[in-house]
Amino acid sequence: MADSSNLKSDSIMELMKQHIASDAGKDVVQKIGLVYQFQIAPKKIGIDEVIYTVDLKKGEVTKGAYEGGKPDATFSFKDEDFVKIALGKMNPQLAFMRGAMKVKGSLSAAQKFTPDIFPKPSKM
Amino acid sequence: MAMRDLITGATSCPDPSSSTSSQNPLGSLANALLGSSSKTQERLKEIPTSNSTGIASQFYAEPLLTQLPGSELDKPFLDANSQGSEFLNRFRSAGAGGFEETWDEIQRDGTQLRLYDGRGQPPPQLHQPTLDGTPQRVLSTFLHSFLDSSRGGIPFHPAPLPVLGLSEGDKQCIRDRSSIMARHLFADKSEEFIHAQVNALLCSLDIDSSVRGKGPMPERFRELDEYWNESQGNLIHGAHAADGWISEYSQHRERYDNPDAWANSFEQQHGVNGWVSEFENSQLSSVGQMQGMNMPNIAAMEQTRMLANTLAQNADPKFQNSKFLQFVSKMSRGELIIDDNQVKETALPASGDWAAEYQQQYNRGDAWAGEFLNNKALSGVGPEQWANEYSIERQQHGAVDDQWVDEFSKLHVNDWAEEFGQQVGEGVFGEGSSDNWANAYDEFLNEQIVAKQRLDSSRGVYVFSDLNPYVGHPNPLKEGQDLFRKGLLSEAVLALEAEVLKNPENAEGWRLLGIAHAENDDDQQAIAAMMRAQEADPTNLEVLLALGVSHTNELEQNAALKYLFGWLRNHPKYGTIAPPEISDSLYYADVARLFNEAAEISPDDADVHIVLGVLYNLSREYDKAISSFERALKLKPQDYSLWNKLGATQANSVQSADAIMAYQQALDLKPNYVRAWANMGISYANQGMYDESIRYYVRALAMNPKAENAWQYLRISLSCASRNDMFEACDSRNLDLLQKEFPLQ
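So the protein sequences, as listed, match chains A and B. For what it's worth, my numbering labels the leading residue of the first sequence as 1, then goes sequentially. For what it's worth, my numbering labels the leading residue of the second sequence as 125, then goes sequentially.
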């Protein structure tokens, strides 16, 4: 692998990294204008988390915690659930209510998080 | 799938020879329909390499299987979207007044089934089908003309037809299936043309083209609702006697001084509701008494109860007196059960109980009458005349009711029980018919649970379609291959499912089924099918590659790596360079190195480049993946799935414009390639062109409404395009509306 971890979310984040530089990605940046931090765990929330910062102010996706201060909202998921949400298979509100997604930070910022900020992978 | 199902009635498994002969004009129509895709036919002669079919043909030698091995698998996973019980459908399709005919048809079906039973009895001659002038015949001719027009690409004109007596369910069925079919038949025509064609067809059949089912599983519920309402209605019909009684009484009461109090109190005691509820209670209690029996029997009873009520609506006296109706109503009251395919009478004389209870009710009426008389006497309103009148009245009605009760219990139980027993013995009802009833009922109860189970079990367990018209087909594998070649993917899936139900160890059947699912954009089912193929044939290279691709699509890297390495290990040429010891702990870098070695050994082997391309997708080295696929395409330019792989890789490395060109190549080679249509949608969406993406998703879904991902993506695109007004259409899967709103130029 290009990196050592083996999360499904890595593929989506990788895709997001490139997507965010494209025209459609710039629209998302303009629409949201917030910094999200995603903490993704392979099996159980809080354990062995991989952290991504999706900076929708500058238009950057980086691995690791946000370094420019406090993110507007921080989300924690299991790998599987993150993929479901990013691909539109699970609704974020529902995931939150089920405890499949944990949120820290501004609630209004969290509410702007929707599956359509993520690009969809194409299938071979 | 549809037309055949629709016309032949799904359980009947036409004899291979008769289905094409004049004996079964409906079957031959279906064949004509399915055999006539317009342009894809010549183009797609090739099935992605198919290996030996030897295992399969060995099985065809014995088409006498009465119970399909492995068929128990499909029970818990019945498809929610399809029509209700075939058994009921058969009746409903005959329309009003056609029941006698349907009865004949059942007998015919029975004889056909018997051919497969292997009991070796020659089919009896008594029910030679003469369909002239029947609704089926008219429908058949009409659908033929629709098909002919499709061949020439001539616009189809609506024609006036006699009333066919199609039920709502049939209409829904024709509507849904003809639009999917038309989309496949006219893959090269414009959306408007397809619409015009389908609408002309539907218009002539008096089917409203705009009404569609709501929700993902509307059919069954609606149908059961209808039956429920009908059966409720029937109970109230049953109350007619009481109604008449009351109204007659109310005529009398006008002559008397103080009738209201009495009338009210009479109604309270004896009135419609009381009577009905008593009747219902007795029914319930007889159901309760039957709890000891096994579930299928109760389920069968429930089914027959609905059936009996439906049948009872038919006013034709001939039919009303038919033994069949009597049988069905008997069965619905639990006086008969089917046990080990033998009809048995239940121990408890249910009708006797009921009559006794009814009698009790009557006695209570006496007591009440007495009490009432006392009251009347106290209140001092000259009651005697009235009381006499009332008791005379009551006696008369009592007599009527007695007659009624007598009649009720006078059904010739033994006669028809015998007859039914005989018929079951002869296999008239087919092996599965009682199972079908039970299944349908279980399904009704478990609909929600099943839907949930399906989500849970979506990994690795193959989910079979409900009501597969190809079950019982003499050679479903060949049929499936033909359909696949013609690009009728959903239809091919059904035929291949029939094949693997028949021969669960047929790797080729499973493999092609997996490919059909992948092309239909359903990776979960594709993986499940391919895993079965791999069980049957663990070293099949195409299966291993397909599993590697599908797992890559599902972002499951370890599994994908395992199968791709397996491909190398089992390859006759490269197997030697793959050391077996590393298969326990695979590292991407090792596998990639080995494949690069393989590519050096034979740079002109397109397959190596394909696997390498998939592998680079796994590591997200998209540039390398693209060049691998491009090299493979130089060697295999006609491989539509390779064009799609190239497109998907380009899309995933955010080269959407290139991706769309590659997808277009794939679609030029295979117009019904649902996956490529859906990928087009994804590429447009990722470029922020949501309107376009919606059109492509809708197009993909029109060809395969079961492509779950496309529905989810469609919803996201609708939201991004600020078309929240269409959410409801999306959630209720109203493809007609969506197609109208988002046509693809």
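By construction, the Cβ of each residue, glycine as well, lies at the ideal position given by its N, Cα and C atoms.
- Nearest in C-alpha terms to B/I734, of all of B/A716, B/F753, B/N741, B/I725, is B/F753.
- Neighbours of A/P119 in chain B, taken as residues whose beta carbon is under 7 Å from its own, are N810 in chain order.
- Contact check for B/A834 against B/Y814 fails: the beta carbons are separated by 8 Å or more.
- Burial state of A/G68 is exposed, judged by a 10 Å Cβ sphere holding fewer than 16 other Cβ atoms.
- Distance from the CA of B/L868 to the CA of B/K697, rounded to the nearest whole angstrom, comes to 46 Å.
- Inclusion of B/A713 and B/G737 in the CB contact set at 8 Å is not warranted, their separation being larger than that value.
- Listed in chain order, the non-local C-beta contacts of A/D48 below 7 Å within the same chain comprise A41, P42, local neighbours out to five positions each way being set aside.
- When Cβ-Cβ separations below 8 Å define contact, A/L107 makes no contact with chain B.
- B/A653 is a Cβ neighbour of B/L637, given a cutoff of 8 Å.
- As the crow flies, the alpha-carbon of B/Q774 is around 34 Å from that of A/K102.
- For A/K120, no alpha helix (DSSP H) segment is defined, and its DSSP state is neither H nor E.
- For A/E60, DSSP records a beta bridge to A/D55.
- Per DSSP, reduced to three states, the secondary structure at A/K43 is coil, with no helix or strand assignment.
- CA-CA distance, B/L326 to B/A786, rounds to 37 Å.
- Going by beta carbons, B/V822 and B/Q789 fall outside the 8 Å limit.
- Bridge pairing for A/Q37: A/T53, A/T74 [DSSP].
- B/N848 and B/A783 have their C-alpha atoms roughly 28 Å apart.
- The beta carbon of B/D645 sits closer than 8 Å to some beta carbon of chain A.
- Residue pairing by DSSP places A/M101 opposite A/F77 in a beta bridge.
- By the rule that beta-carbons nearer than 8 Å mark a contact, B/K769 touches chain A.
- Identification of residues in the region 5 to 38 of chain A having a C-beta nearer than 7 Å to some C-beta of chain B yields N6, K8, S11, E14, L15, Q18, H19, S22, D23, A24, D27, given in sequence order.
- With a threshold of 8 Å between beta carbons, B/Y837 makes contact with chain A.
- Within the region 67 to 92 of chain A, those residues whose Cβ lies closer than 9 Å to any Cβ of chain B are, in chain order, V83, L87, G88, K89.
- The residue among B/R819, B/D855, B/V715 with its C-alpha nearest the C-alpha of B/F866 is B/R819.
- One alpha carbon belongs to A/H19, the other to A/V54, and they sit about 12 Å apart.
- Contact of A/D116 with chain B is assigned, a C-beta pair being separated by under 8 Å.
- Under the rule that a run must span 4 or more residues, the alpha helix (DSSP H) segments found entirely inside the region 607 to 659 of chain B read 613 to 626, 631 to 643.
- For B/F310, there is no enclosing alpha helix (DSSP H), as DSSP gives it neither H nor E.
- B/Q658 and B/H675 have their C-alpha atoms spaced approximately 14 Å apart.
- Look at A/G25 here: in three-state DSSP terms it is helix.
- Cα atoms of B/L620 and A/L56: separation of roughly 48 Å, rounded to the nearest angstrom.
- A distance below 7 Å between beta-carbons, with the five flanking residues on each side excluded, links B/N592 to the following residues of its chain, in chain order: L618, E621, A622.
- B/M827: member of the alpha helix (DSSP H) spanning 814 to 827, first to last residue.
- B/N828 and B/Y797 do not touch by the CB rule: their CB atoms are close to 11 Å apart, not below 8 Å.
- Judged by DSSP in its simplified three-state form, B/F317 adopts helix.
- Looking from the CA of A/A24, the closest CA among A/P71, A/D116, A/L94 belongs to A/D116.
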